[in-house]
Amino acid sequence: MAHERDAASDGDNRFENDERHYDFAAIQDKWLPVWDELKPFRSGDPADKRPRKYVLDMFPYPSGDLHMGHAEAYALGDVIARYWRQQGFNVLHPIGWDSFGLPAENAAIKRGIDPREWTYDNIEQQRTSMRRYAASFDWDRVLHTSDPEYYKWNQWLFLKMYEKGLAYRKDSWVNWDPVDQTVLANEQVLPDGTSERSGALVVKKKLTQWYLKITDYADRLLDDLNQLEGSWPSKVLSMQRNWIGRSIGADVDFEVEGRAEKVTVFTTRPDTLHGATFMVVAPDSELAAELVSGAAPDVRTSFQEYLEFVQKSSEIDRMTADRPKTGVFLNRYAINPVNGERLPIWAADYVLADYGHGAVMAVPAHDQRDLDFALAFDLPIRVVVDTNAPVTGAIPVITAEQLESGELPDDIEPLDPKTTGVALAGEGRMINSGSLDGLSKRTAIQRIIERLESEGTGRAAKTYRIRDWLISRQRYWGTPIPIIHGQDGSLIPVPEDQLPVVLPPTEGLDLQPKGQSPLGAAEDWVNVANPLDGTPARRDPDTMDTFVDSSWYFLRFLDPNDDTKAFDPAEAEKWAPVDQYVGGVTHAILHLLYARFITKVLFDLGYVSFTEPFSALLNQGMVLMDGSAMSKSKGNLVRLSEQLDEHGVDAIRLTMAFAGPPEDDIDWADVSPAASAKFLARAWRIAQDVTSSPDIDWKTGDLSLRRTTHRFLAEIPGLVEAFKFNVVVAKIMELVNVTRKAIDSGPGAADAAVRESAEAIAMALNLFAPYTAEDMWSQLGYPPPVALAQWRKPSPNLLVDDSITAVVQVDGKVRDRLEVSPKISGDELEALARASASVIRSVGDREIVNVIVRAPRIVNIATRSAG
1 MAHERDAASD GDNRFENDER HYDFAAIQDK WLPVWDELKP FRSGDPADKR
51 PRKYVLDMFP YPSGDLHMGH AEAYALGDVI ARYWRQQGFN VLHPIGWDSF
101 GLPAENAAIK RGIDPREWTY DNIEQQRTSM RRYAASFDWD RVLHTSDPEY
151 YKWNQWLFLK MYEKGLAYRK DSWVNWDPVD QTVLANEQVL PDGTSERSGA
201 LVVKKKLTQW YLKITDYADR LLDDLNQLEG SWPSKVLSMQ RNWIGRSIGA
251 DVDFEVEGRA EKVTVFTTRP DTLHGATFMV VAPDSELAAE LVSGAAPDVR
301 TSFQEYLEFV QKSSEIDRMT ADRPKTGVFL NRYAINPVNG ERLPIWAADY
351 VLADYGHGAV MAVPAHDQRD LDFALAFDLP IRVVVDTNAP VTGAIPVITA
401 EQLESGELPD DIEPLDPKTT GVALAGEGRM INSGSLDGLS KRTAIQRIIE
451 RLESEGTGRA AKTYRIRDWL ISRQRYWGTP IPIIHGQDGS LIPVPEDQLP
501 VVLPPTEGLD LQPKGQSPLG AAEDWVNVAN PLDGTPARRD PDTMDTFVDS
551 SWYFLRFLDP NDDTKAFDPA EAEKWAPVDQ YVGGVTHAIL HLLYARFITK
601 VLFDLGYVSF TEPFSALLNQ GMVLMDGSAM SKSKGNLVRL SEQLDEHGVD
651 AIRLTMAFAG PPEDDIDWAD VSPAASAKFL ARAWRIAQDV TSSPDIDWKT
701 GDLSLRRTTH RFLAEIPGLV EAFKFNVVVA KIMELVNVTR KAIDSGPGAA
751 DAAVRESAEA IAMALNLFAP YTAEDMWSQL GYPPPVALAQ WRKPSPNLLV
801 DDSITAVVQV DGKVRDRLEV SPKISGDELE ALARASASVI RSVGDREIVN
851 VIVRAPRIVN IATRSAG
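Position 632 (the sequence shown) corresponds to 632 in UniProt numbering; numbering is contiguous.
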């Protein structure tokens, strides 16, 4: 940030003692009430015929006042919203609060208050700070997800999905947070196996839970990412693709001795079926429990002990490649459908219950985890792919007999994973595989699938890493699930005309986490009549994952006060999808994935005409202090309110934009809001010095300054649209310096070009420093708001220099520089060069043998000695 300090302090500093002292607090107090009265950022006027842009910032969670991360996010999003208004667009830029969730409930428990009180007090505090921060929000479109008027439509959306078969309930092993006493989605478990909320080590627990069938949309969620190439960060697209994790292969049906129903296994390598030497099932799967149910007591005991051991591990731990392999033999056998071999069935923790079918065929020669397991338990290993053989060519390099005898050519690596401990994962030709021998991998896969399908023992298939979305939460502060449970176990949707199902008061409820929802103890609330026959029934006591709230909120902003529908499809047609979404990369998977899923559901239901919610995405970095995330415990916490009091809103916003590219982290120890404030005072003083009237003819102004201003007007839009906000600020600083010099030592403050430049500075500063910009605009003689002033088009004539410098070289050395017309011809330029006195002296009596002309920039003259 040395550049910022230098730029901000360059030039005359006497203004600090000037009677026109820059007082940021007074300027803020002056203009904030004016904007409140004018409401310049309303976007709902039906008579407004301007083209539309929808700019959305990820809405905040109301946990205390705004912090430095908010300061960066809302400064950057506001640059984009203000820019598009200057470009003539009607911009929708709303704000709201993501106000349900565990932090509020836990804070309320700690303080002995209702979570509503804690939540809405924080919202009011943040709202006041948001207004002070001067982000250009449409304050007529505010929403809070904890309002019944909002979560009514969460419930409506749930019912629509239930009708479509996308919401369902099932028993399953779930991630359990033992501190917060609630389930967690897989995405909410950190890589070290702890809860992202409480930090506790997550355990497994079997519960009946509600799910949304996001897996039905896995292909579309993956394939539609192609629509976002170039407009979403490539890192985010990769994270989404990896999370969905599509694998293509085959489902293979294995008979199990003593079991009527076959076991289906998914594999991406059906070509290696002849190399399968055992089967592995997930110990926490229903299949494993069934397979041991009739086994001998010692087998059941061993399995139960192993299951309890596995349940102490997270899925992340279980999938770690270098983790020692553990397992237990189930004393059952499967039959390989391609060769009839008996395969022993083991339970092992490296197989997950909800990946594929919870069982894998183990091919240890060609899969490292299978090999590690086989070596640990002394199981057979059979090579079926000769990785020494080229994938093109008529025959393998070595024969099966050579492999069997071990007599290999000197330049061939041995195919012996049992000795090397390394699985053969490369390409090659099939061996030890019957009719597949000699085939390449691709051809072998095709042939074996054809065989499986013809024999009825398998089929082509796909599977995914993504799991269905677990939305049940055993806590109070969330959207009640709109389902009633009949006495006979039936599930009855709450009729739409009875929505919202409103949370009961907390009076008399114990919100302490106990492993089940506190709502189950609210007898007057939970006990209801069955809407179908009037018999006694109970409401579902769980609440929804708060990611449901944020999965469609961008649509509710279109009319958050409409109590007749979630959103108006006609308004969605006008405004959506969001043109520019701004927020942290921490939401690169969960929130974005869920919002994309719900958008596709709404498309299928006929409510929207688009399939992606956010056309473009900008991720901002984090604000650090001394290289670390800010926290009170680390002693490096920087309070935004104190920074605003000390330096002013505009200085903080400008510092955030100037610190570097938006996606980079900002270390607050390396930046200087004080220098930003000093620069703003310098810019502000220019408007005070202008003495010409607003109706002056700019064409009469200083030509050099006008050219500088118009180049500035031409460059800024492209820089903003490329998110090069720091470069824009640097350009503003340059123009301020040039204009200052023009006032002090050039044509003077009365010159028309000085006014033109000062107005351009005010309009550009509106993007970053709205208070300063508004005050400059007023001093220049214009009514507020500067935010609605249209960006001026640069004059093409002023973007082209009247003259250009042509360099003349003689024998490689520069001998003259000529000021010429940009349109000069080659012959004319050569004639001028030959006539140059400096060139004539340099040539002397030497002979000119060659002249190369590149008009209008250069002339090269080559000479040699005469005679």
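Yeah, the Cβ is synthetic: ideal placement off N, Cα and C, and Gly gets one too.
Computed from a prediction, not measured in an experiment: that's the story for all the values here.
Contact between the region 93–107 and the region 144–156 (3+ Cβ pairs under 8 Å): With the cut-off at 8 Å, the region 93–107 and the region 144–156 touch.
Which residue from D827, N860, R815 puts its Cα closest to that of I840? It is R815 whose Cα lies nearest to the Cα of I840.
Buried or exposed by the 16-neighbour rule on C-beta atoms within 10 Å, applied to R442: Taking all protein chains in view, the Cβ of R442 is surrounded by fewer than 16 other Cβ atoms within 10 Å, so the residue is classified as exposed.
Given 7 Å as the limit, tell me if L637 has its C-beta closer than that to any heavy atom belonging to the ligand NAD. Among the components of this structure there are no ligands whatsoever, and the ligand NAD is therefore not found.
With distances taken from CA atoms, which of L519, E341, E830, H710 is nearest D801? Cα-wise, what sits closest to D801 is H710.
Judging by CA-CA distance, which residue of R792, L832, A753, S795 is the nearest neighbour of I809? Note that residue 809 is Gln in the sequence shown, not Ile. Here the closest residue by C-alpha is L832.
Does the Cβ of F712 have 16 or more other Cβ atoms within 10 Å, making it buried, or fewer, making it exposed? Around the C-beta of F712, 16 or more other C-beta atoms lie within 10 Å, and the residue is accordingly described as buried.
Is L452 near A250, with beta carbons less than 8 Å apart? Between L452 and A250, the C-beta gap is smaller than 8 Å, which places the two residues in contact.
Euclidean distance between Cα positions of G88 and N850: Straight through space, the alpha carbons of N850 and G88 are spaced by roughly 55 Å.
Less than 8 Å between the beta carbons of L519 and Y476, yes or no? Contact: yes.
I'd like to know if the region 29–38 and the region 525–542 are in contact, where contact means that at least 3 CB-CB pairs between them fall below 8 Å. Below 8 Å, too few C-beta pairs join the region 29–38 and the region 525–542 to call them touching: fewer than three.
With H, G and I counted as helix, E and B as strand and the rest as coil, what does DSSP make of E124? In this structure, DSSP gives E124 a helical state, which the three-state scheme calls helix.
Starting from Q580, trace the beta strand (DSSP E) in both directions and tell me its first and last residue. Segment 580–584, the beta strand (DSSP E) holding Q580.
Is L590 buried or exposed, if buried means 16 or more other CB atoms sit within 10 Å of its CB? L590 is buried by the Cβ-count criterion.
In the DSSP assignment, find the alpha helix (DSSP H) that holds residue 872 and state where it starts and stops. Past the boundaries of the shown model lies residue 872; the chain is included only from 1 to 867, so the question cannot be answered.
Would you call the region 129–141 and the region 165–180 touching, i.e. three or more CB-CB distances under 8 Å? The region 129–141 makes no contact with the region 165–180: fewer than 3 CB pairs, one atom from each, lie closer than 8 Å.
In this structure, how does DSSP classify A47 when only helix, strand and coil are distinguished? DSSP, read as helix, strand or coil, puts A47 in coil.
In terms of alpha-carbon separation, which member of K262, R653, V422 lies closest to A75? The residue with the shortest Cα to Cα distance from A75 is R653.
List the endpoints of the continuous beta strand (DSSP E) containing Y350. Note, Y350: premise wrong, no beta strand (DSSP E); not H, not E.
Based on DSSP bridge pairs, tell me the residues matched to F329. Checking the DSSP bridge columns, you'll see F329 partnered with W346.
Rounded to the nearest angstrom, how far is the Cβ of T463 from that of G606, given a contact under 8 Å? Not a contact, Cβ separation roughly 30 Å.
For D372, which residues from the same chain have a beta carbon less than 6 Å from its beta carbon, with the 5 sequence-adjacent residues on both sides left out? Excluding residues within five positions, the ones whose Cβ falls inside 6 Å are K325.
Complete runs of the alpha helix (DSSP H) confined to the region 103–162 [at least 4 residues]: Counting only runs of 4 or more, we get 115–133.
Is the beta carbon of D57 less than 8 Å from the beta carbon of G44? In terms of Cβ geometry, D57 and G44 do not form a close pair [threshold 8 Å].
List the residues that DSSP assigns as beta-bridge partners of V263. Residue pairing by DSSP places V263 opposite F254 in a beta bridge.
Would you tell me roughly how many angstroms separate the C-alpha atoms of residue 869 and D114, rounded to the nearest one? In the structure displayed, the chain extends from 1 to 867; residue 869 sits before or after that span and is not available.
For a test of the three-state rule: what should DSSP assign to R246, helix, strand or coil? The answer is strand: DSSP assigns R246 an E or B state.
Apply the 10 Å Cβ neighbour rule to A26 and answer buried if 16 or more other Cβ atoms are within range, or exposed otherwise. With a 10 Å radius around the Cβ and a threshold of 16 neighbouring Cβ atoms, A26 comes out exposed.
From the DSSP output, which residues share a beta bridge with E819? Answer by DSSP bridge pairing, in chain order: T805.
Which whole-angstrom value describes the C-beta separation of L212 and L159, a residue pair presumed to lie in contact below a C-beta threshold of 8 Å? Between L212 and L159 a beta carbon distance of about 12 Å is seen, past the 8 Å cut, so the two are scored as non-contacting.
What are the boundary residues of the beta strand (DSSP E) that S172 is part of? Annotation for S172: the continuous beta strand (DSSP E) segment containing it runs 167–177.
Rounded to whole angstroms, what's the CA-CA distance from Q155 to T119? Just pull it up for me. Distance between the alpha carbons of Q155 and T119 is about 21 Å.
Does the beta-carbon distance from K170 to D284 come in below 8 Å? No.
Rounding to the nearest angstrom, what Cα-Cα distance links R864 and D670 in this structure? Whole-angstrom Cα-Cα distance: 59 Å.
Please state the DSSP three-state secondary structure of L470. Note: L470 maps to strand in three-state DSSP.
Would I123 and P270 qualify as a contact pair, given that the criterion is a beta-carbon distance under 8 Å? A distance of 8 Å or more separates the beta carbons of I123 and P270.
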